[in-house]
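Notes follow the structure.
Residue numbers (my numbering), protein chains in the order written: chain A, 29 to 288; chain B, 33 to 305.
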């Protein structure tokens, strides 16, 4: 039943420092670090190299598997496409690129900033996902006072996405078993029908889940989960230290720009 | 562990105590869905405390509809339902839902929290339990179904048999008086069936089991009720029902191939028949 699960998750259970850090600390650290990356002026290329080193160091510290992490980062691609277009469409002073095309110097810089910031942000989130089980992320968000309804919706997604993906796989196998070969555009119709029935089934399951919840006395608010130990000061100190490194790099880059 | 474990006493007494009201009292229950399709036409059913009853009947006979009346998910069109003497109605809904533990057929419908332990905690937490008391209740329920070591696992990492036991634990944690199981043996392998039966036989609760699995009904429930055409068609000892091929055929019930229920009858049963 959990066949589709392994392919989806980037998380690897290991006992590193990053794994032991409570999820709420990691979430705050990642968010804080991303802010420092955004605040770093794009003219300071060396600062982004420094940020990249920090992220790689974190990845090594958390023993993140490079292959799955790289595949996970492909989610960034649509944003990169936009970045590639930027130098061609942006206004401003033109400059020659590789002696072949003329592009906007400003656009080129903006594109670099976009790519660098997006890549660093995604990489940080991948490190977070690789060192934190999904359900602990939810606990962390709950601790950080994320509205309970949103945590509940995410929790349902987490619980049922694997089931739906499994069901989708089984339906695909059943179609293939009857000689269906999805090659042509015409097979899009078949796929659409399959997705439609999957939607109906999921909707019906939702109703059954709700009935089962009502049967156990659900009245509209999810109760707090089982008690767990809160994060210690040392944990928060570690999270703050990571953000401080990012802030130092951003500040140094800012000062350098001011001087230059 | 604190309190009385749900699996405390084996073999509950089949004879209802006269001092206590019966666990389930359904009288003249009729129900039609909003689209006008009437499913129940006056169901009368009384189940004593500690009894184990199989609810049989062909698909569409209204078994699930009846079951959803027991904990007030559906409201009776006519007639009434009492659980342990308490009338099922809007006012006492939380207490009714504590008293009636409903285990759904697909454990994936029941187990919706990220871990088994959190799911088992859901019911008692809705009852207002918190902290150590809640943890104790979860441990107790998981121990009763033999899943103590799976507390922190995700439901989709368990086998179907384990998931069904986990679903059972989620309602046992509410310490129900009546346990209602919808097709508990469906899709289980023989070992999973036996493990579940062992657990169910060890529980000190009133049991109502909706099933098509006649041998399983025989194994677990001394009494059977056949719902047919929206009313109770047959109500009697499971052994006698299974030994009557005509009666079975009349209600679209069938024993598995090669199963000879006549061998189950004692001499006194034969004398009556």
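Beta carbons are placed, not taken as given, at the ideal position from N, Cα and C, and that holds for glycine.
* For residue 262(A) and residue 79(A), the rounded distance between their alpha carbons -> One-based indexing of the first chain puts residue 79(A) at position 51. One-based indexing of the first chain puts residue 262(A) at position 234. Residue 79(A) and residue 262(A) have their C-alpha atoms some 23 Å from each other.
* Asked: What residues match up with residue 241(B) in a beta bridge as DSSP calls it?
  -> Taking the second chain and counting its residues from 1, one reaches residue 241(B) at position 209. According to the DSSP secondary-structure assignment, residue 241(B) is paired through a beta bridge with 86(B) and 213(B).
* Nearest to residue 178(B) by CA position, among 265(B), 83(B) and 149(B), is which residue? -> For the purposes of this step, residue 178(B) is identified with residue 146 of the second chain, where counting begins at 1. Of 265(B), 83(B) and 149(B), the residue nearest in Cα terms is 149(B).
* Asked: Is the shortest distance between the beta-carbon of residue 294(B) and the beta-carbons of chain A less than 8 Å?
  -> As a first step, residue 294(B) is located in the second chain; it is residue number 262 there, counting from the start. Not a single C-beta of chain A is nearer than 8 Å to the C-beta of residue 294(B).
* Checking contacts by CB at 8 Å: is residue 66(B) closer than that to chain A? -> As a first step, residue 66(B) is located in the second chain; it is residue number 34 there, counting from the start. No, its Cβ sits nowhere closer than 8 Å to a Cβ of chain A.
* Mapping DSSP to helix, strand and coil, what is residue 191(A)? -> For the purposes of this step, residue 191(A) is taken as residue 163 along the first chain, with counting starting at 1. Correct three-state label for residue 191(A): helix.
* Where do the ends of the beta strand (DSSP E) carrying residue 137(B) lie? -> By 1-based counting over the second chain, the position of residue 137(B) is 105. Careful: residue 137(B) lies outside any beta strand (DSSP E) and carries neither H nor E.
* Asked: What residues in the segment 94 to 123 of chain B have a beta carbon less than 8 Å from any beta carbon of chain A?
  -> Answer set for the segment 94 to 123 of chain B: 100, 103 and 105.
* For residue 273(A), which of 257(A), 45(A) and 61(A) has the nearest alpha-carbon? -> Your numbering for residue 273(A) matches position 245 in the first chain. Nearest of 257(A), 45(A) and 61(A) to residue 273(A), Cα basis: 61(A).
* Asked: Would DSSP call residue 52(B) helix, strand or coil?
  -> Looking up residue 52(B) in the second chain gives position 20. The answer is coil: DSSP assigns residue 52(B) none of H, G, I, E or B.
* Asked: What does a CB cutoff of less than 6 Å around residue 138(A) pick up in its chain, not counting 5 residues either side in sequence?
  -> Taking the first residue of the first chain as position 1, residue 138(A) is located at position 110. In the same chain as residue 138(A), and ignoring 5 residues on each side of it, the C-beta atoms closer than 6 Å to its own belong to 114, in chain order.
* **Which of helix, strand or coil DSSP assigns to residue 129(A)** => Taking the first chain and counting its residues from 1, the one referred to as residue 129(A) is at position 101. The three-state secondary structure of residue 129(A), taken from DSSP, is strand.
* Span of the alpha helix (DSSP H), counted from its first residue to its last, around residue 286(A) -> Locating residue 286(A) in the first chain gives position 258, where the first residue counts as 1. Element bounds for residue 286(A): 261 to 287.
* **Residue-level contact to chain B via CB, residue 237(A), 8 Å cutoff** => Position 209 of the first chain, counting from 1, holds the residue named residue 237(A). Taking Cβ atoms only, chain B reaches closer than 8 Å to residue 237(A), which makes this a yes.
* To do: With DSSP as the reference, please indicate the residues paired to residue 97(B) in a beta bridge.
  => As a first step, residue 97(B) is located in the second chain; it is residue number 65 there, counting from the start. In DSSP, residue 97(B) forms no bridge with anything.
* To do: Would you grab the beta carbon distance between residue 76(A) and residue 144(A) for me? Rounded to a whole angstrom, and I think it's under 8 Å.
  => The residue labelled residue 76(A) in the question sits at position 48 within the first chain. The residue labelled residue 144(A) in the question sits at position 116 within the first chain. So it is a contact: roughly 5 Å between Cβ atoms.
* Comparing the C-beta of residue 126(B) with each C-beta of chain A, is any distance below 8 Å? -> Looking up residue 126(B) in the second chain gives position 94. It does; some Cβ of chain A falls within 8 Å.
* To do: Rounded to whole angstroms, what's the CA-CA distance from residue 59(B) to residue 98(B)? Just pull it up for me.
  => As a first step, residue 59(B) must be located in the second chain, where it is residue number 27. As a first step, residue 98(B) must be located in the second chain, where it is residue number 66. One Cα belongs to residue 59(B), the other to residue 98(B), and the distance between them is close to 12 Å.
* Close-in-space but distant-in-sequence residues of the same chain around residue 147(A) (CB under 7 Å, 5 per side omitted) -> Residue 147(A) sits at position 119 when you count from the first residue of the first chain. Taking residue 147(A) as the centre and dropping the five residues before and after it, the same chain places the C-beta of 104 closer than 7 Å to its C-beta, in chain order.
* **Amino acids of chain A, ordered along the chain, whose beta-carbon sits closer than 8 Å to that of residue 202(B)** => As a working mapping, residue 202(B) is identified with position 170 in the second chain. Within 8 Å Cβ-Cβ: 244.
* Cβ neighbour criterion (16 or more within 10 Å) applied to residue 285(B) -> The count along the second chain starts at 1 and reaches residue 285(B) at position 253. Counting C-beta atoms within 10 angstroms of its own C-beta, residue 285(B) has 16 or more neighbours from the protein chains shown and is therefore classed as buried.
* Asked: Helix, strand or coil for residue 5(A) per DSSP?
  -> What the structure shows of chain A is the stretch from 29 to 288, and residue 5(A) is not part of that stretch, so it cannot be assessed.
* Looking only at its own chain, which residues have a Cβ that is under 7 Å from the Cβ of residue 91(B), when we skip the five neighbours before and after it? -> On the second chain, residue 91(B) is found 59 positions in, with the first residue counted as 1. Nothing listed; no residue qualifies.
* Asked: Got a sec: is the Cβ-Cβ distance from residue 145(B) to anything in chain A below 8 Å?
  -> Reading the second chain from its first residue, position 113 is the one you call residue 145(B). Yes, residue 145(B) lies at the interface with chain A (some Cβ there is under 8 Å from its Cβ).
* Mind checking if residue 198(A) is an interface residue toward chain B, Cβ cutoff 8 Å exclusive? -> If you number the first chain from 1, residue 198(A) lands on position 170. Taking Cβ atoms only, chain B never reaches closer than 8 Å to residue 198(A), which makes this a no.
* **The alpha helix (DSSP H) enclosing residue 218(B), as first and last residue numbers** => Residue mapping note: residue 218(B) aligns to position 186 of the second chain, counting from 1. It is not in any alpha helix (DSSP H) - residue 218(B) carries neither H nor E in the DSSP assignment.
* Drop a sphere of 10 angstroms on the beta-carbon of residue 206(B), count the other beta-carbons inside from all chains shown, and report buried for 16 or more, exposed for fewer. => Position 174 of the second chain, counted from the first residue, corresponds to residue 206(B). Buried is the label assigned to residue 206(B), since at least 16 other Cβ atoms lie within 10 Å of its Cβ.
* **residue 144(B) (DSSP reduced to helix, strand or coil)** => As a position in the second chain, residue 144(B) is number 112, starting the count at 1. Coil, per DSSP.
* **Under the three-state DSSP convention, the category residue 119(B) falls into** => Position 87 of the second chain, counted from the start, is the residue given in the question as residue 119(B). Strand, per DSSP.
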